[in-house]
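K.L.:
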Amino acid sequence: MQFTTDIFISYAHIDDEALIENQKGWISDFHRALDIRLAQLLGRRPIIWRDQALQGNHVFDKQIIDQFSNVAIMLSILTPRYARSEWCVREVNEFYEACQQNIGFNINNTARVFKIIKTPVRIDMHPEKIQNVLGYEFYSTDPATGRTKELSQTFGQHIETAYWDKLDDLAHDICAFLENIEYPQSGSVKIPSAAGTAVVPKEEGKIFLCESSYDTQEFRDSLKRELQGYGYQIYPDKQLPLMASPLKDSVIQYLDNSKLAIHLVGENYGIVPEGAQKSIVEIQNDLASSYSAATSMPRLIWVPENSAPVDDRQIAFVDKLSRGGDGVTGADLIKGNLEEFKSIVIDKLNAMKQKEAAKKPEPVAEADSDGGESASKVIYLICDMQDLEAIQPLEDYLFDNGYEV
Numbered sequence: 000m001q002f003t004t005d006i007f008i009s010y011a012h013i014d015d016e017a018l019i020e021n022q023k024g025w026i027s028d029f030h031r032a033l034d035i036r037l038a039q040l041l042g043r044r045p046i047i048w049r050d051q052a053l054q055g056n057h058v059f060d061k062q063i064i065d066q067f068s069n070v071a072i073m074l075s076i077l078t079p080r081y082a083r084s085e086w087c088v089r090e091v092n093e094f095y096e097a098c099q100q101n102i103g104f105n106i107n108n109t110a111r112v113f114k115i116i117k118t119p120v121r122i123d124m125h126p127e128k129i130q131n132v133l134g135y136e137f138y139s140t141d142p143a144t145g146r147t148k149e150l151s152q153t154f155g156q157h158i159e160t161a162y163w164d165k166l167d168d169l170a171h172d173i174c175a176f177l178e179n180i181e182y183p184q185s186g187s188v189k190i191p192s193a194a195g196t197a198v199v200p201k202e203e204g205k206i207f208l209c210e211s212s213y214d215t216q217e218f219r220d221s222l223k224r225e226l227q228g229y230g231y232q233i234y235p236d237k238q239l240p241l242m243a244s245p246l247k248d249s250v251i252q253y254l255d256n257s258k259l260a261i262h263l264v265g266e267n268y269g270i271v272p273e274g275a276q277k278s279i280v281e282i283q284n285d286l287a288s289s290y291s292a293a294t295s296m297p298r299l300i301w302v303p304e305n306s307a308p309v310d311d312r313q314i315a316f317v318d319k320l321s322r323g324g325d326g327v328t329g330a331d332l333i334k335g336n337l338e339e340f341k342s343i344v345i346d347k348l349n350a351m352k353q354k355e356a357a358k359k360p361e362p363v364a365e366a367d368s369d370g371g372e373s374a375s376k377v378i379y380l381i382c383d384m385q386d387l388e389a390i391q392p393l394e395d396y397l398f399d400n401g402y403e404v
C-alpha cells in the first residue's frame, strides 16, 4: 500500500525545549539526523511529518487525526510528560484505529508504532496500545548509581557513540519496514531488520537472546546487531511481561521457537517481576535450563571479564553458574570480552548448521541382515568448562571424520 507520509513523529512539545539557549531541542536534532540517515538508506528523501506549532487544542485536533490514514509509521517519543499527556496518548490510540482501517497495526508481528524511549517511564504508564512493543532506549544507566542519562549528539564521546548506534539501528528498521510495505513480495510484507523488532532479510533461524540487566544492555544490543547481520531473527520481539506467570509463558513460547538460547549475566541483578522472587535474568536462565534438560537445546552464558557483582543475590547467582550447579543445563559458560564471545556464538551457530546439513543428505538407515538398524557414530565428549576452547580442535577433527559429537 502507498502512503503519502512515511513517518509521523508524536511527541510532547516540552521535550523539544533546549536546555541551552539558542540551541535546537533534542527532538529537532533527532528529526534532522533521522531524515538524513533514512535518505541515505532509502535512496530518496523520506516524508516525515512533525507538528512544530500546534499544541493539541480543540481547534486543530481533527486536522492531525485526519492525516493518520495516510501515514505508514508513527514514532512515539516516550517521556514522563508524553505518558501524562492526554493528547499524546490520544494520538497513539487514533493512529491505532486508523491502522486497523487499512493494512493493520501489526505487520508480521511488527507494530507500526516505533517506540523511542527518550526518558525511562514505567511500562504500565506507556500508552496501552504499545505497552508490549519493544522500545529503542535512547538513554544509558549508570551501574553505580542507577541514574539514567539521555543519549545525545553532544554530551561526550561515549554518549554520542551510543546515540548514533541507536539511531542507525532505528533507521535500518524503518527503512526495511517502508521498503517492504512499498514493495511487498509475493503479496506479503516481510520485514528485514538491523536491530529492532522486525525480521531479518535472510532467515537463518531464531535465537532467544535473553533480556539482560541494564549494565549489559549495550553489549546485548551489539550482539543482537551482529546476529541479525548474519540473518538470524532475535527473540524476544515484544516487551516481556513484568508479572511472573505471563513472563514464564512468554519465555517458554520463545524457547519453543528458537534453536539457541544466549544469556548475558552482568554485575547487576536486574528487575524482579511482580509475584516472583528472582530477577528476569535469573528466571529466563532457570526456564531455559529446564527446557534444555527436556529438549537438549544448546545454550551459551556469557559473563563479562572483570565483572564484580556487589548485590548479594547476583553474587550467589553468578557463583551458582560458575560452580556448574542448577541452571547451567545445556549451557557453555564463557567469561571474557564481548568480541571473543561474539566469535564463540558465530562458531557455535556455524557448527550447528554444519551438523544439520550433514544430516540432510543421509538416506534413512535400512535394516541389516539380522533385522537391526545401522547405528550412527556418536561420541559424547566431556570436559571441564575452562577447557572448552582447548578441545575445539579435537571436536572439529571428530566431526570432520564423520562422528556426531
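Take the sequence shown: its position 320, counting from 1, is numbered 319 in numbering that gives the first Met the number 0, and each next residue is one higher.
Yeah, the Cβ is synthetic: ideal placement off N, Cα and C, and Gly gets one too.
All figures in this text were calculated on a predicted structure; none of them were measured in a lab.
I need the boundaries of the alpha helix (DSSP H) containing Phe-340, first residue and last residue.
P.N.:
In the sequence shown, the residue the question calls residue 340 occupies position 341. Element bounds for Phe-340: 337-358.
K.L.:
In the DSSP output, what is Trp-301 paired with across the bridge?
P.N.:
Locating residue 301 in the sequence shown gives position 302, where the first residue counts as 1. Paired residues: Leu-263 and Ile-333.
K.L.:
By the three-class DSSP mapping on this structure, what secondary structure does Lys-277 have?
P.N.:
Your numbering for residue 277 matches position 278 in the sequence shown. Coil, per DSSP.
K.L.:
On the three-pair Cβ rule with 8 Å, is the stretch 105-114 touching the stretch 60-77?
P.N.:
The stretch 105-114 is in contact with the stretch 60-77.
K.L.:
Residues in the same chain with beta-carbon distance under 6 Å from Tyr-10, minus the five sequence neighbours each way, listed in chain order, please.
P.N.:
Here residue 10 refers to the residue found at position 11 of the sequence shown. Hits under 6 Å: Ile-26 and Ile-76.
K.L.:
Take Tyr-229 and list the residues in its own chain whose beta-carbon comes closer than 8 Å to its own, dropping the five residues that flank it on each side.
P.N.:
Against the sequence shown, residue 229 aligns to sequence position 230. Glu-203, Ile-345 and Leu-348, listed in sequence order.
K.L.:
Out of curiosity, what's the CA-to-CA distance linking Val-88 and Tyr-81?
P.N.:
The sequence position of residue 88 within the sequence shown is 89, counting from 1. The sequence position of residue 81 within the sequence shown is 82, counting from 1. Cα-Cα distance, rounded: 7 Å.
K.L.:
For the beta strand (DSSP E) that Arg-49 lies in, which residues bound it at each end?
P.N.:
Start at 1 with the first residue of the sequence shown, and residue 49 comes out as number 50. Its beta strand (DSSP E) spans residues 47-49.
K.L.:
Identify whether Asp-325 lies in helix, strand or coil by the three-state DSSP scheme.
P.N.:
Here residue 325 refers to the residue found at position 326 when the sequence shown is read from its first residue. If DSSP states are grouped into helix, strand and coil, Asp-325 belongs with coil.
K.L.:
Quick one: any contact between the stretch 12-20 and the stretch 92-99, if contact means 3 or more CB pairs under 8 Å?
P.N.:
No: fewer than three Cβ pairs fall under 8 Å.
K.L.:
Cβ of Ala-356 within 9 Å of Cβ of Phe-398?
P.N.:
Sequence index remark: in the sequence shown, residue 356 carries index 357 (1-based). Sequence index remark: in the sequence shown, residue 398 carries index 399 (1-based). Cβ atoms of Ala-356 and Phe-398: not closer than 9 Å.
K.L.:
Quick one, are the C-beta atoms of Ala-275 and Thr-328 less than 9 Å apart?
P.N.:
Position 276 of the sequence shown, counted from the start, is the residue given in the question as residue 275. Position 329 of the sequence shown, counted from the start, is the residue given in the question as residue 328. No, these two residues do not count as a Cβ contact at 9 Å.
K.L.:
State the beta-bridge partners of Lys-148 as determined by DSSP.
P.N.:
Within the sequence shown, the letter at position 149 stands for residue 148. According to DSSP, Lys-148 bridges with Ser-139.
K.L.:
Between Gly-371 and the rest of its own chain, which residues show a CB-CB distance below 8 Å, the 5 nearest in sequence each way excluded?
P.N.:
Locating residue 371 in the sequence shown gives position 372, counting from the first residue. Reliability fails at Gly-371, whose pLDDT of 46 lies under 50, so the model's placement of it is uncertain and the value that follows must be treated cautiously. For Gly-371, where only same-chain residues beyond five positions count, there are no Cβ hits under 8 Å.
K.L.:
Would you kindly report the start and end of the unbroken beta strand (DSSP E) that includes Gln-232?
P.N.:
The sequence position of residue 232 within the sequence shown is 233, counting from 1. Where Gln-232 is concerned, the enclosing beta strand (DSSP E) stretches over 231-234.
K.L.:
Counting along the chain, where does the beta strand (DSSP E) carrying Ala-71 start and finish?
P.N.:
Counting from 1 along the sequence shown, the entry for residue 71 is found at position 72. Its beta strand (DSSP E) spans residues 70-77.
K.L.:
Any contact of the stretch 279-288 with the stretch 240-258, i.e. 3+ C-beta pairs under 8 Å?
P.N.:
The stretch 279-288, when compared against the stretch 240-258, does touch it at the 8 Å Cβ threshold.
K.L.:
Locate the beta strand (DSSP E) running through Lys-114, then write down its first and last residues.
P.N.:
Within the sequence shown, the letter at position 115 stands for residue 114. Looking at the DSSP string, the run of the beta strand (DSSP E) that includes Lys-114 is 112-116.
K.L.:
Given a cut-off of 9 Å, decide if Leu-166 and Thr-7 are closer than it, judged by their beta-carbon atoms.
P.N.:
Residue numbering aside, residue 7 sits at position 8 when the sequence shown is read from its first letter. Residue numbering aside, residue 166 sits at position 167 when the sequence shown is read from its first letter. The question names Thr, yet the displayed sequence has Phe at residue 7. No, Cβ-Cβ distance for Phe-7 and Leu-166 is not below 9 Å.
K.L.:
Quick check on this structure: which residue in Phe-67, Lys-258, Gln-51 and Leu-259 has the alpha carbon closest to the alpha carbon of Gly-103?
P.N.:
Here residue 103 corresponds to residue number 104 of the sequence shown, with the count starting at 1. With distances taken between Cα atoms, Gly-103 lies closest to Phe-67.
K.L.:
For His-57 and Ile-63, what's the separation of their Cα atoms in angstroms?
P.N.:
Taking the first residue of the sequence shown as position 1, residue 57 is located at position 58. Taking the first residue of the sequence shown as position 1, residue 63 is located at position 64. Here His-57 scores only 46 on pLDDT, less than 50, and its place in the model is too uncertain to base an answer on.
K.L.:
Would you call the CB atoms of Phe-2 and Asn-105 closer than 9 Å?
P.N.:
Position 3 of the sequence shown, counting from 1, holds the residue named residue 2. Position 106 of the sequence shown, counting from 1, holds the residue named residue 105. No, the pair does not count as a contact, with Cβ atoms beyond the cut-off.
K.L.:
For my contact list, Leu-208 and Arg-224 are in at a C-beta cut-off of 8 Å; report their separation, rounded to the angstrom.
P.N.:
What you label residue 208 is simply residue 209 of the sequence shown in a count that begins at 1. What you label residue 224 is simply residue 225 of the sequence shown in a count that begins at 1. That pair is no contact at about 11 Å.
K.L.:
With which residues is Met-242 paired in a DSSP beta bridge?
P.N.:
Translated into the one-based positions of the sequence shown, residue 242 becomes position 243. Met-242 is bridged to Glu-273.
K.L.:
Should the stretch 319-335 be called in touch with the stretch 299-309, which here means at least 3 C-beta pairs below 8 Å?
P.N.:
Yes, the stretch 319-335 touches the stretch 299-309.
K.L.:
Among the residues of its own chain, which have a CB less than 8 Å from the CB of Ile-333, if the five just before and after it don't count?
P.N.:
Mapped onto the sequence shown, residue 333 falls at position 334. Counting only Cβ-Cβ distances below 8 Å, and skipping sequence neighbours, we find Leu-299, Ile-300, Trp-301, Val-302, Glu-339, Phe-340, Ile-343 and Leu-387.
K.L.:
Determine, using beta carbons only, whether Ala-260 and Ile-206 come nearer to each other than 9 Å.
P.N.:
Your numbering for residue 260 matches position 261 in the sequence shown. Your numbering for residue 206 matches position 207 in the sequence shown. Result yes, Cβ atoms of Ala-260 and Ile-206 sit closer than 9 Å.
K.L.:
Between the alpha carbons of Gln-283 and Gly-324, how many angstroms are there, rounded?
P.N.:
Locating residue 283 in the sequence shown gives position 284, counting from the first residue. Locating residue 324 in the sequence shown gives position 325, counting from the first residue. Near 16 Å, if we compare the C-alpha coordinates of Gly-324 and Gln-283.
K.L.:
Thinking just about the alpha-carbon of each residue, which of Glu-85, Glu-149 and Ala-161 is nearest to the one in Met-124?
P.N.:
Your numbering for residue 124 matches position 125 in the sequence shown. Residue Glu-85 is the option with its Cα nearest to Met-124.
K.L.:
With H, G and I counted as helix, E and B as strand and the rest as coil, what does DSSP make of Thr-153?
P.N.:
The residue you call residue 153 lines up with position 154 of the sequence shown. Three-state DSSP puts Thr-153 in coil, outside helix and strand.
K.L.:
When you compare only the Cα positions, how much space is there between Val-264 and Arg-83?
P.N.:
Looking up residue 264 in the sequence shown gives position 265. Looking up residue 83 in the sequence shown gives position 84. Going by the C-alpha atoms only, they are around 34 Å apart.
K.L.:
Just to confirm my understanding: we take Leu-380, look at its own chain, exclude 5 residues before and 5 after, and list those with CB closer than 8 Å. What are they?
P.N.:
Translated into the one-based positions of the sequence shown, residue 380 becomes position 381. Here the set comprises Ile-390, Leu-393, Glu-394, Leu-397 and Val-404.
K.L.:
Since I believe Leu-40 is in contact with Ala-170 (beta carbons under 8 Å), could you give me their beta-carbon distance rounded to a whole number of angstroms?
P.N.:
Counted from its first residue, the sequence shown places residue 170 at position 171. Counted from its first residue, the sequence shown places residue 40 at position 41. Right, their Cβ atoms sit about 6 Å apart.
K.L.:
Give the secondary structure of Val-404 by DSSP, where H, G and I count as helix, E and B as strand, and everything else as coil.
P.N.:
By 1-based counting over the sequence shown, the position of residue 404 is 405. Val-404: coil per DSSP, three-state reduction.
K.L.:
Using CA atoms only, rank isn't needed, just tell me which of Lys-61, Asn-108, Pro-126 and Pro-79 is closest to Val-91.
P.N.:
The residue given as residue 91 occupies position 92 in the sequence shown. Closest by alpha carbon: Pro-126.
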